[in-house]
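A.B. asks: So the mapping is simple: this note's numbering equals the position in the sequence shown, first residue as 1, plus 839. Glycine is no exception: its CB is placed at the ideal position from the N, C-alpha and C atoms.
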Amino acid sequence: GVEWMDVSSGYQCVTAGHAREELAEAALEQMREIAYFPNFGATPPTIKLSKKLAQITPGNLTRSFFVNGGSDAVETAVKMARAYHVRNKEGSRYRIISRKGSYHGALGITTHLGGRDVNEQRDYVPSFPGLLYAPQPNAYRSSFNTEDPELDAELCAKAIQDLIEFHGPETVSAVVADPIPGANASVPGSCYWPMLREICNKYGVILIGDEVITAWGRTGKMFALEHWGVVPDIMTVAKGLSSAHLPVGAVIATKEIASVFAGGEVSKPFIHALTFGGHPVTNAVALRNIKLIEDENLVKNSETQGSYIRKKLLEMMDKYPMIGCVQGKGLQIGIDLVIDRASKEPIPHSVRETLGDELEKRRLLVRPGSFGFTLYPPLIINRDEVNELLEKMDESFSATHKLFF
840 GVEWMDVSSG
850 YQCVTAGHAR
860 EELAEAALEQ
870 MREIAYFPNF
880 GATPPTIKLS
890 KKLAQITPGN
900 LTRSFFVNGG
910 SDAVETAVKM
920 ARAYHVRNKE
930 GSRYRIISRK
940 GSYHGALGIT
950 THLGGRDVNE
960 QRDYVPSFPG
970 LLYAPQPNAY
980 RSSFNTEDPE
990 LDAELCAKAI
1000 QDLIEFHGPE
1010 TVSAVVADPI
1020 PGANASVPGS
1030 CYWPMLREIC
1040 NKYGVILIGD
1050 EVITAWGRTG
1060 KMFALEHWGV
1070 VPDIMTVAKG
1080 LSSAHLPVGA
1090 VIATKEIASV
1100 FAGGEVSKPF
1110 IHALTFGGHP
1120 VTNAVALRNI
1130 KLIEDENLVK
1140 NSETQGSYIR
1150 KKLLEMMDKY
1160 PMIGCVQGKG
1170 LQIGIDLVID
1180 RASKEPIPHS
1190 VRETLGDELE
1200 KRRLLVRPGS
1210 FGFTLYPPLI
1220 INRDEVNELL
1230 EKMDESFSAT
1240 HKLFF
């Protein structure tokens, strides 16, 4: 057969690489013991994975609710936030703030988070009530006409505060935000996340950190929010949790959030049953996968190889003016492509299509981004493979440049 290099990790999810024998063995071992049990109870893999997540997640994120994937995780987190406020006699808090251009899933409310003008939103109107949208921090394409990442970040954070104040803090349930957006890997200025944490604290709003894409070492930290030392009230994870070997996700909450659902009273539990939530086989695979990430130092490898790739791509900018900007952390990398660097006008479809064809000729599996394309290689990638990737990208840029520039 033909050999391809997957530098997208599928849907940014094959963290520890494809077809890991260790993960297949973990699944088979668990199937021979307890293949299924509904999530009103617990199995050894579920208990062990819960304990592991409590140990490695930042701060006081210690309570996990297991789901089937990323969309499930964010949908569940939003429901949990709403239910938390209702249990605390603040049922008027129903509004949800997300950032324009972010992607948080494809289920009910998650379809409409991010306010993206795409078919999966246009097909389902009217939207849910109470959804508010704030600008996305991205100094290269700032909503505030600035190229200063700190100023852009400050203004984006203040925009969220303005939304809360305008609509009334007593009506706002949660802010949902991904640390680094999946579509372009734009890294916010250093003040953004601390400001967001402070704003949510001030107004009693729950901060949901959507780490579905960014967790498990993708950005050079086990969890991306560790770059800013910020702990959300609820964190969502999925994708790389099992390196895509089985569908699994988790909603990880602080003890304070989870406590309103704890206890023996019939009215207390978080009512959100999923047939396959907390599945013993998927959780056994997830637990083994985390061990692989730790034992093989994949978080450090992500930081090392990612820094090298970005350095080499920045050098390519001298040769190819279509590369407008290179962003990201670790092995989450975004390349913004322009027809003109001064105006930052995105490349037309014909150029994007030609570049895509050139990458495909060289057997690179690359996903398009919002204004270019993104790189999400598995974290096991080594330096020889990185150099092969860079060589093929250089050739693809060169062939495209000759035709259009």
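If you reduce the DSSP assignment to three classes, tell me which class Gly1211 lands in.
C.D. replies: DSSP places Gly1211 in strand when its eight states are reduced to three.
A.B. asks: Identify the continuous beta strand (DSSP E) that holds Lys1168 and give its terminal residues.
C.D. replies: Ile1162 to Lys1168 is the span of the beta strand (DSSP E), which, as asked, contains Lys1168.
A.B. asks: Excluding sequence positions up to five away, which residues of its chain have a Cβ less than 6 Å from the Cβ of Ser1082?
C.D. replies: Hits under 6 Å: Val853, Thr854, Ala855 and Asn1128.
A.B. asks: Please report the straight-line C-alpha distance between Phe1212 and Ile1038, rounded to a whole angstrom.
C.D. replies: Approximately 33 Å between the Cα atoms of the pair.
A.B. asks: Taking 7 Å as the limit between beta carbons, can you name the residues of its chain near Phe1100, skipping five residues before and five after?
C.D. replies: Only Lys1107, Pro1108 and Phe1109 meet the Cβ criterion.
A.B. asks: Label His857 either buried or exposed according to how many other C-beta atoms from any shown protein chain fall within 10 Å of its C-beta, with 16 as the threshold for buried.
C.D. replies: His857 comes out exposed.
A.B. asks: Less than 8 Å separating the beta-carbons of Ser941 and Gln975?
C.D. replies: It is a contact, given that the beta carbons lie within the stated cut-off.
A.B. asks: What residues match up with Ile936 in a beta bridge as DSSP calls it?
C.D. replies: According to DSSP, which records beta bridges pairwise, Ile936 is partnered with Leu971 and Val1014.
A.B. asks: Quick one: Cα of His1118 to Cα of Asn878, how far?
C.D. replies: C-alpha separation (whole angstroms): 7 Å.
A.B. asks: Between which two residues does the alpha helix (DSSP H) containing Phe904 stretch?
C.D. replies: Note, Phe904: premise wrong, no alpha helix (DSSP H); beta strand (DSSP E) at Leu900 to Val906.
A.B. asks: Apply the 10 Å Cβ neighbour rule to Thr1058 and answer buried if 16 or more other Cβ atoms are within range, or exposed otherwise.
C.D. replies: Under this definition Thr1058 is a buried residue.
A.B. asks: Quick one: Cα of Gly953 to Cα of Glu1133, how far?
C.D. replies: Gly953 and Glu1133: Cα-Cα distance of roughly 32 Å.
A.B. asks: Identify whether Met1321 lies in helix, strand or coil by the three-state DSSP scheme.
C.D. replies: Since the displayed the chain opens at 840 and closes at 1244, residue 1321 lies outside it and no answer follows.
A.B. asks: Alpha carbon to alpha carbon, what distance is there between Ser1182 and Cys1164?
C.D. replies: Near 13 Å, if we compare the C-alpha coordinates of Ser1182 and Cys1164.
A.B. asks: State the DSSP-derived secondary structure class of Val1190, mapped to helix, strand or coil.
C.D. replies: Val1190: helix per DSSP, three-state reduction.
A.B. asks: Leaving out five residues before and five after Arg932 in sequence, what residues of the same chain have Cβ atoms less than 7 Å from its Cβ?
C.D. replies: For Arg932, where only same-chain residues beyond five positions count, the Cβ hits under 7 Å are His924, Glu1009, Thr1010, Val1011 and Ser1012.
A.B. asks: For the beta strand (DSSP E) that contains Gly1088, what are its first and last residues?
C.D. replies: Where Gly1088 is concerned, the enclosing beta strand (DSSP E) stretches over Gly1088 to Thr1093.
A.B. asks: Taking Cβ to Cβ, would you say Leu1198 is nearer than 8 Å to Ser1237?
C.D. replies: Contact: no.
A.B. asks: Below 8 Å between beta carbons: does that hold for Glu914 and Leu946?
C.D. replies: Contact: yes.
A.B. asks: Determine contact between the stretch 961 to 976 and the stretch 893 to 911, defined as no fewer than three beta-carbon pairs at a distance below 8 Å.
C.D. replies: No, the stretch 961 to 976 is not in contact with the stretch 893 to 911.
A.B. asks: Express the C-alpha separation of Lys918 and Gly1068 in angstroms, rounding to a whole number.
C.D. replies: Taking the straight line from one Cα to the other gives about 26 Å.
A.B. asks: Where are the beta strand (DSSP E) runs, 3 residues long or more, that stay fully inside the stretch 1075 to 1154, in chain order?
C.D. replies: With a minimum length of 3 residues, the continuous beta strand (DSSP E) runs that stay inside the stretch 1075 to 1154 are 1088 to 1093.
A.B. asks: Can you tell me the Cα-Cα spacing of Asp1175 and Val1124, whole angstroms?
C.D. replies: Their Cα atoms are separated by approximately 36 Å.
A.B. asks: List the endpoints of the continuous beta strand (DSSP E) containing Gly909.
C.D. replies: Taken as a continuous stretch (DSSP letters only), Gly909 belongs to no beta strand (DSSP E), being part of the alpha helix (DSSP H) at Gly909 to Arg926.
A.B. asks: Which one or two residues does DSSP pair with Asp1175 in a beta bridge?
C.D. replies: According to DSSP, Asp1175 bridges with Cys1164 and Gly1211.
A.B. asks: So, for Val1177: in the same chain, excluding its five sequence neighbours on each side, which residues have a beta-carbon less than 7 Å away from its beta-carbon?
C.D. replies: Same-chain partners within the cutoff: Met1161, Gly1163, Lys1183, Glu1184, Pro1185 and Ile1186.
A.B. asks: Assuming Ser1025 contacts Tyr972 under a Cβ cut-off of 8 Å, what Cβ separation, rounded to an integer in Å, is found between them?
C.D. replies: Contact doesn't hold; Cβ gap of about 16 Å is too wide.
A.B. asks: Hey, out of Gly880, Gly1028 and Leu1035, whose CA is closest to Asp991's CA?
C.D. replies: The option with the nearest alpha carbon to Asp991 is Gly1028.
A.B. asks: Consult DSSP for Asp987 and reduce its assignment to one of helix, strand or coil.
C.D. replies: The answer is coil: DSSP assigns Asp987 none of H, G, I, E or B.
A.B. asks: Shortest alpha-carbon distance to Pro968 belongs to which of Thr949, Asn984 and Asn977?
C.D. replies: Comparing Cα positions, the closest option is Thr949.
A.B. asks: Please identify the residue among Ile935, Gly849, Asn1122 and Leu994 whose C-alpha is closest to the C-alpha of Leu1046.
C.D. replies: The shortest Cα separation from Leu1046 among Ile935, Gly849, Asn1122 and Leu994 belongs to Ile935.
A.B. asks: Quick one: what's got a C-beta closer than 7 Å to Glu1065's C-beta in the same chain, skipping five residues either side?
C.D. replies: These residues qualify, in order along the chain: Pro897.
A.B. asks: Please list, in chain order, all residues of the same chain as Val1225 whose beta carbon is under 7 Å from its beta carbon, the five residues on each side excluded.
C.D. replies: Hits under 7 Å: Gln1144, Tyr1147 and Ile1148.
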